[in-house]
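What follows is a single structure, written as structure tokens, with notes after it.
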């Protein structure tokens, strides 16, 4: 679906049974996402980025750029520290990325001044590439208020923000204080209508890595002013079944014939009852 930016797919990362990265499978998964949403967030949380080396993250980015082009790819360059975030940023820009997402530093706490230093390093390394801040308080341990995000955005020229976890429900608050032209995305897969009504521009969806169809149909129904009741219910069922679970998303990918691969991180497969439900959803939604 070339040209749309309302639904961005947070792609998964396939690993071989021995734990090695499976680039051939990644090419197929990225091709699938490219044919549907046409927008890929590479190496994010759904992509198990903490388990990837810098070299592996770059290899995945190369594949994504080959498939979807610079306008269809957001490269995640966030790291626990400014040094590695800047290294990833420079390498991503050299590879051809023009849109970057940078998770805040994590594990150790960071003051507002330290966040400015971190994002300043990323901005310097990015040149004129677009930067999206990536806020996920439950995973990073950092609470970034809408006001602080707006301050960082103004100081470092952010193009927008991706809100995950508890922050995903703060779209309206971020829009209210953001600089002009600032794009607010939510990681809440099911909340596209609310996000757009609040002034956001879309959602970043892990579930769409397996079942993009209902999310794209919902976006089209909203755009066209049609009734969204039935397709919203389908979206809700998909999100309830797959949720923020890499294991369930990969199960759905396998059930529709995609090479989901294994995981490196502590990712559990769904139980038999949940797998049966996912199988029904694949039959209902896969086109």
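Numbering (my numbering), first residue to last: 1265 to 1551. Glycine included, each C-beta is placed from N, C-alpha and C at the ideal position.
- When DSSP states are grouped into helix, strand and coil, residue 1407 belongs to the coil group.
- According to the DSSP secondary-structure assignment, residue 1363 is paired through a beta bridge with 1394.
- DSSP places residue 1274 inside the beta strand (DSSP E), whose first and last residues are 1271-1274.
- Per DSSP, the beta-bridge partners of residue 1426 are 1398, 1449.
- As summarised for the segment 1478-1508, the continuous alpha helix (DSSP H) elements at least 4 residues long and confined to that stretch are 1493-1506, given in chain order.
- By a beta-carbon distance limit of 8 Å, residue 1457 contacts residue 1486. Their separation comes to about 6 Å.
- If you look at residue 1538, you'll find it in the alpha helix (DSSP H) that goes 1536-1549.
- Counting only residues of its own chain and dropping the five nearest sequence neighbours on each side, residue 1449 has a CB closer than 8 Å to the CB of 1272, 1396, 1424, 1425, 1426, 1427, 1459, 1464, 1465, 1466, 1467, 1468.
- Spanning the alpha carbons of residue 1330 and residue 1526 requires a straight line of approximately 23 Å.
- If you draw a straight line from the Cα of residue 1436 to the Cα of residue 1373, it comes to about 26 Å.
- Bounds of any alpha helix (DSSP H) do not take in residue 1531, whose DSSP letter is neither H nor E.
- In its chain, beyond the 5 residues on either side, 1368, 1370 have a beta carbon closer than 6 Å to the beta carbon of residue 1404.
- Residue 1470 is positioned such that its CB atom lies closer than 9 Å to that of residue 1274.
- Residue state for residue 1337 is assigned as strand, using DSSP reduced to three classes.
- The segment 1308-1326 makes contact with the segment 1343-1358; the number of CB pairs closer than 8 Å reaches 3 or more.
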